[in-house]
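Below is one structure; the comments refer to it alone.
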Amino acid sequence: MRKLIVLALVGLLAQLIDGSLGMAYGVTSSTLLIAAGVAPAASSAAVHFSEIGTSLVSGLSHAKFGNVDWRTVGILAVPGFLGAFAGATFLVSLDGDTAKPWVAGLLLALGVYVIWRFLALGGARPTFRAKPPAAMLMPMGVFGGALDAVGGGGWGPVGTTTLLSSGRLEPRKVVGSIDTSEFVVAVGGSLGFLLALGSAGVDWGIVGALLAGGVVAAPLAAWLVRYLPARVLGVAAGGLIVVTNSNTIAGAAGLAPALIGLLVATLFVLWISGIVWAVRQERASRYEAELLGGGETVQVG
Numbered sequence: 023m024r025k026l027i028v029l030a031l032v033g034l035l036a037q038l039i040d041g042s043l044g045m046a047y048g049v050t051s052s053t054l055l056i057a058a059g060v061a062p063a064a065s066s067a068a069v070h071f072s073e074i075g076t077s078l079v080s081g082l083s084h085a086k087f088g089n090v091d092w093r094t095v096g097i098l099a100v101p102g103f104l105g106a107f108a109g110a111t112f113l114v115s116l117d118g119d120t121a122k123p124w125v126a127g128l129l130l131a132l133g134v135y136v137i138w139r140f141l142a143l144g145g146a147r148p149t150f151r152a153k154p155p156a157a158m159l160m161p162m163g164v165f166g167g168a169l170d171a172v173g174g175g176g177w178g179p180v181g182t183t184t185l186l187s188s189g190r191l192e193p194r195k196v197v198g199s200i201d202t203s204e205f206v207v208a209v210g211g212s213l214g215f216l217l218a219l220g221s222a223g224v225d226w227g228i229v230g231a232l233l234a235g236g237v238v239a240a241p242l243a244a245w246l247v248r249y250l251p252a253r254v255l256g257v258a259a260g261g262l263i264v265v266t267n268s269n270t271i272a273g274a275a276g277l278a279p280a281l282i283g284l285l286v287a288t289l290f291v292l293w294i295s296g297i298v299w300a301v302r303q304e305r306a307s308r309y310e311a312e313l314l315g316g317g318e319t320v321q322v323g
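First residue of the sequence shown? That's 23 in the working numbering, and the numbers climb one at a time after it.
The structure is reproduced here in structure tokens:
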């Protein structure tokens, strides 16, 4: 029972971050499940099945608050589905012990990318050009969907960061559109895992616990997306991913426990320092925006 409560809290935290940032549900959940000893394929399968419910509630909530660009969702849906289905089939074919450090390395890279993306935002406010073209969205959907299934997360980091950096959609619609289209990606990945693993290969207790926590957090996150500082949450989520997966990789590499402890402690200090820095930057940006009467505006992309 205690384990299920902890997993429900994991699902709640992951969905709160994902619904606010447009990323990190799968990466955060998979990271913590793998760290707890769950095999990569089983971990990713549980995350994707739980995401069917959490992404559905999240999408409906974002739509209610006007955070969704339906054209973008429509173009992303089919490529994302196909990429996730193919990625799930590939992951299941890998040996669990062999795949674990590689998946952890993939998650680590995604965590670093998340941190870099939100630290690099700066205080400037972007302007937004025309809607993202299908030529950009379709390959992004295939790659993001495949990466999401293989790493247990990746749809958000790929989709959200690509769309934000393109300057084609305002941030709240980027987050809402990515979260809404994630429902189709979760269905594609889940079908791939179900065909490859069978229903016996899915831990439905983990699925239910993650789903319960995620469904509670989804409406709140959709409401908060306009108010929470994305930079601070992005650094916090990315840091958690980096610290946890570094520990997994160091253990797989056979490092001495003392060295692993020193590595994790060092990364933890850097993580907290990054959060403090992000908070200060957020305050400085708001203060500068007030002085300049709305802040500096730049074109992104």
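Glycine included, C-beta positions come from ideal geometry on N, C-alpha and C. These figures come from a predicted structure and were not determined experimentally.
Whole angstroms is fine: what's the gap from VAL100's alpha carbon to GLY163's? Cα to Cα, VAL100 sits roughly 8 angstroms from GLY163.
As assigned by DSSP and simplified to three states, the class of PRO179: Per DSSP, reduced to three states, the secondary structure at PRO179 is helical.
Ranges of the beta strand (DSSP E) found wholly within the stretch 188-215, counting only runs of at least 3: Listed in chain order, there is nothing to give.
Are at least three pairs of beta-carbons, each pair with one atom in the stretch 58-76 and one in the stretch 208-215, less than 8 angstroms apart? Judged by pairs of C-beta atoms under 8 angstroms, the stretch 58-76 touches the stretch 208-215, as three or more such pairs exist.
Run the CB neighbour count on ALA298, radius 10 Å, all protein chains shown included, and call it buried at 16 or more, exposed below. Reading off the sequence, residue 298 comes out as Val, not Ala. Counting Cβ neighbours within 10 Å, VAL298 comes out exposed, since fewer than 16 surround it.
On a CA-only basis, which of PHE112, VAL229, ASN267 and VAL197 is nearest VAL90? Give me that one, please. Considering only alpha carbons, the answer is VAL197.
Beta-carbon gap between VAL172 and LEU232 smaller than 8 angstroms: No, these two residues do not count as a Cβ contact at 8 angstroms.
C-alpha distance - LEU284 paired with GLY227, whole-angstrom precision: Between LEU284 and GLY227, the C-alpha separation is close to 34 angstroms.
Same chain, Cβ closer than 7 angstroms to LEU213, neighbours up to 5 away in sequence not counted: Counting only Cβ-Cβ distances below 7 angstroms, and skipping sequence neighbours, we find PHE107.
Unbroken stretches of the alpha helix (DSSP H), 4 residues or longer, contained in the stretch 78-106: For the stretch 78-106, not a single whole alpha helix (DSSP H) run of length 4 or above is found.
Need the endpoints of the alpha helix (DSSP H) that GLY230 sits in, please. Start and end: 226-246.
Expected contact under 8 angstroms - CB spacing of VAL264 and LEU130 to nearest Å: Between VAL264 and LEU130 a beta carbon distance of about 6 angstroms is seen, short of the 8 angstroms cut, so the two are scored as contacting.
Around the Cβ of TYR47, are there at least 16 other Cβ atoms within 10 angstroms (buried) or fewer (exposed)? Classification of TYR47: buried, given that the 10 Å Cβ count is 16 or more.
Taking the C-alpha atoms as reference points, what is the distance between LEU281 and TRP92? Straight-line Cα distance between these residues: approximately 49 angstroms.
For the alpha helix (DSSP H) containing SER51, name the first residue and the last one. Looking at the DSSP string, the run of the alpha helix (DSSP H) that includes SER51 is 47-57.
Which value, in whole angstroms, describes the spacing of the CA atoms of THR202 and GLY96? The alpha-carbon of THR202 is positioned some 10 angstroms away from that of GLY96.
Taking VAL136 as the reference, give the member of LEU98, GLY176, GLY167 and ALA126 with the closest Cα. The shortest Cα separation from VAL136 among LEU98, GLY176, GLY167 and ALA126 belongs to GLY176.
Using a Cβ-Cβ cutoff of less than 7 angstroms, which residues in the same chain neighbour ASN267 once the five nearest sequence positions on both sides are dropped? Excluding positions up to five away in sequence, the list reads THR53, ALA126, LEU129, LEU130 and GLY133.
Buried versus exposed call for SER295 [16 or more other C-beta atoms within 10 Å across all chains shown]: The residue in question, SER295, is exposed, as its Cβ has fewer than 16 Cβ neighbours within 10 Å.
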